[in-house]
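Colleague: Chains A and B are the protein sequences, given in the same order.
The UniProt record's numbering puts the first residue of the first sequence at 1, with every later residue one more than the last.
The UniProt record's numbering puts the first residue of the second sequence at 1, with every later residue one more than the last.
Beta carbons: idealized from backbone N, C-alpha and C, even for Gly.
Before I ask anything, here is the structure I am working with.
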Amino acid sequence: MSNKVSRRQFLSYTLMGVGGFMASGMLMPMVRFAIDPVLQQSGGGDFIPTSQKVDDLTEIPVRVDFTIKDRKDAWYYSDVSNTAWVYKNGDTIIALSPVCKHLGCTVNWGGDETHPDQFFCPCHAGRYMKNGDNVKGTPPTGPLDEYEVKVEGGLLYIGKTVSNTLV
Amino acid sequence: MNWIAKDIDTYLLQKEYIDTLIVPLLKVETEPGNVKNSVSSSEFLMHLTTFIETQFKGRVMLMPPFAYTMSTELVVMAAGLSNDLSALHFKHVFYLTTDPAWTSMEMVGSVIWLPSIPLESMDPQLRQTILEDQLRQVLPRFVEKWSE
């Protein structure tokens, strides 16, 4: 009958078991941290519905307001109102962010009487072409950002901002 | 710009562009009958100044609101504010308030008095429209100073 466990065997099994448990306790969180970026859900797919009918859009930019509900900033939830300047270029819908690339004011379409077909920033007279390109010689240093857009049920949906792809 | 560390950094780098200071003056009334109205006008003033800040972020610095109660000596407060805020060297200073008492005060900068509108019962869209209307009311005052 050799199935009797010797003192030496018992000690080595116990040490291996406890040691393995401790080692896995250390390694598991490390592995979890390492693969975390892969498991992370991307929030980029969030499209926000607007009340703008796509059929009503023309070549002239119109202001579209939309509200991001329950935006989370640390523990603070709030509704954030946002706007976009939307127009049609052929069949593609273009939505530009109204945030001036100079210091972040809100730009308007045709806000300057002498340049009715440009975006105008009232703070320091910055101007942008219809495709968002900044007019040289005015303060802004880059083109207006674009919003991702999609159409569902004839209504316009606006996604996250991306840097201008038209210029 | 808001009165927060992140925006102050931008301000310190871009001082020649951000030349306007906006100072909300809030009257806090404590008489039971007036509390509701006072709260409502505070809310209106804060909504409006925040809205002005988002529209003209690159040109204005929005101060935290200066609040006072009924027994505050406005003449003393006005003189103190004028004197202390001028140390910040903003080219234009605008005081926004719903308290008509400020219109008769001697201050460095412009005092803009606005009638309070109760926003609390409005749906967000109407509120936004009202704020835009109010901004259109005060805008000429800003533009006038800016184009001097």
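Spatial neighbours of A/Gly110 within its chain, please: C-beta separation below 6 Å, excluding the five flanking residues on both sides.
Modeller: By one-based count along the first sequence, residue 110 of chain A stands at place 110. Excluding positions up to five away in sequence, the list reads Pro116.
Colleague: Can you find the residues in the same chain that come closer than 6 Å, C-beta to C-beta, to A/Thr106, ignoring five residues on each side of it along the sequence?
Modeller: Taking the first sequence and counting its residues from 1, the one referred to as residue 106 of chain A is at position 106. Correct list, in chain order: Pro98.
Colleague: So, is the C-beta of A/Gly138 closer than 7 Å to a C-beta in chain B?
Modeller: The sequence position of residue 138 of chain A within the first sequence is 138, counting from 1. In the sequence as displayed, the identity of residue 138 of chain A is Thr instead of Gly. Not closer than 7 Å to any Cβ of chain B, the Cβ of A/Thr138 fails to qualify, so no.
Colleague: What's the gap between the Cα of A/Leu15 and the Cα of A/Arg8?
Modeller: Within the first sequence, the letter at position 15 stands for residue 15 of chain A. Within the first sequence, the letter at position 8 stands for residue 8 of chain A. A/Leu15 and A/Arg8: Cα-Cα distance of roughly 11 Å.
Colleague: Please state whether the Cβ-Cβ distance between B/Arg141 and B/Ile112 is less than 7 Å.
Modeller: For this step, residue 141 of chain B is matched to residue 141 along the second sequence. For this step, residue 112 of chain B is matched to residue 112 along the second sequence. Going by C-beta atoms, B/Arg141 is nearer than 7 Å to B/Ile112.
Colleague: When you compare the CB of residue 239 of chain A with every CB in chain B, is at least one pair closer than 7 Å?
Modeller: In the structure as shown, chain A starts at 1 and stops at 167, and residue 239 of chain A therefore has no counterpart that could be examined.
Colleague: Under the rule that 16 or more other beta-carbon atoms within 10 Å means buried, what is A/Asn134, buried or exposed?
Modeller: Residue mapping note: residue 134 of chain A aligns to position 134 of the first sequence, counting from 1. When all chains shown are included, A/Asn134 counts as buried.
Colleague: Going by DSSP, what residue range makes up the alpha helix (DSSP H) through A/Pro61?
Modeller: Translated into positions along the first sequence, residue 61 of chain A becomes position 61. It is not in any alpha helix (DSSP H) - A/Pro61 carries neither H nor E in the DSSP assignment.
Colleague: State yes or no: is the beta carbon of B/Lys57 nearer than 7 Å to at least one beta carbon in chain A?
Modeller: In the second sequence, residue 57 of chain B corresponds to position 57, counting from 1. Chain A, which has a Cβ nearer than 7 Å to the Cβ of B/Lys57, makes this yes.
Colleague: Please classify A/Asp46 as buried or exposed, where buried requires at least 16 other C-beta atoms within 10 Å of its C-beta.
Modeller: Here the question's residue 46 of chain A lines up with position 46 in the first sequence. Label assigned to A/Asp46: exposed.
Colleague: Step through the CB atoms of chain A and report whether any lies within less than 7 Å of the CB of B/Tyr17.
Modeller: Locating residue 17 of chain B in the second sequence gives position 17, counting from the first residue. Taking Cβ atoms only, chain A reaches closer than 7 Å to B/Tyr17, which makes this a yes.
Colleague: Based on the DSSP output, what are the partners of A/Asp73 in its beta bridges?
Modeller: Taking the first sequence and counting its residues from 1, the one referred to as residue 73 of chain A is at position 73. BP columns for A/Asp73 point to A/Tyr76.
Colleague: When DSSP labels each residue in this structure, what does B/Lys36 get in the three-state scheme?
Modeller: For the purposes of this step, residue 36 of chain B is identified with residue 36 of the second sequence, where counting begins at 1. In the structure shown, B/Lys36 sits in a helix (DSSP, three-state: H, G or I).
Colleague: What is the DSSP secondary structure of A/Lys150, reduced to helix, strand or coil?
Modeller: The residue given as residue 150 of chain A occupies position 150 in the first sequence. Correct three-state label for A/Lys150: strand.
Colleague: Between the Cα of B/Met122 and the Cα atoms of B/Leu114, B/Glu43 and B/Val138, which residue gives the shortest distance?
Modeller: Position 122 of the second sequence holds residue 122 of chain B. Comparing Cα-Cα distances from B/Met122 to each of B/Leu114, B/Glu43 and B/Val138, the minimum goes to B/Glu43.
Colleague: Just to check my reading of the structure: B/His89 and B/Lys145 have Cβ atoms closer than 8 Å, yes? What is that Cβ distance to the nearest angstrom?
Modeller: Your numbering for residue 89 of chain B matches position 89 in the second sequence. Your numbering for residue 145 of chain B matches position 145 in the second sequence. With a Cβ gap of about 16 Å, B/His89 and B/Lys145 do not count as contacting.
Colleague: Quick one: grab the DSSP three-state call for A/Asn134.
Modeller: Mapped onto the first sequence, residue 134 of chain A falls at position 134. In the structure shown, A/Asn134 sits in a strand (DSSP, three-state: E or B).
Colleague: In the DSSP assignment, the beta strand (DSSP E) including B/Trp113 goes from what residue to what residue?
Modeller: As a position in the second sequence, residue 113 of chain B is number 113, starting the count at 1. Run containing B/Trp113: Ser110 to Trp113, per the beta strand (DSSP E) assignment.
Colleague: Can you say whether A/Phe21 is buried or exposed, counting buried as having 16 or more other CB atoms within 10 angstroms of its CB?
Modeller: Locating residue 21 of chain A in the first sequence gives position 21, counting from the first residue. It counts as exposed.
Colleague: Starting from B/Val143, trace the alpha helix (DSSP H) both ways and give me its first and last residue.
Modeller: Counted from its first residue, the second sequence places residue 143 of chain B at position 143. First-last of the alpha helix (DSSP H) with B/Val143: Pro124 to Trp146.
Colleague: Our contact map puts B/Ala78 next to B/Met105 with C-beta atoms below 8 Å; I'd like the distance itself, whole angstroms only.
Modeller: Walking along the second sequence from the start, residue 78 of chain B turns up at place 78. Walking along the second sequence from the start, residue 105 of chain B turns up at place 105. 4 Å between Cβ atoms; contact.
Colleague: If you follow the alpha helix (DSSP H) that B/Lys91 is in, where does it begin and where does it stop?
Modeller: The sequence position of residue 91 of chain B within the second sequence is 91, counting from 1. Careful: B/Lys91 lies outside any alpha helix (DSSP H) and carries neither H nor E.
Colleague: Express the C-alpha separation of B/Thr54 and B/Ala5 in angstroms, rounding to a whole number.
Modeller: In the second sequence, counting from the first residue as 1, residue 5 of chain B sits at position 5. In the second sequence, counting from the first residue as 1, residue 54 of chain B sits at position 54. One C-alpha to the other measures close to 17 Å.
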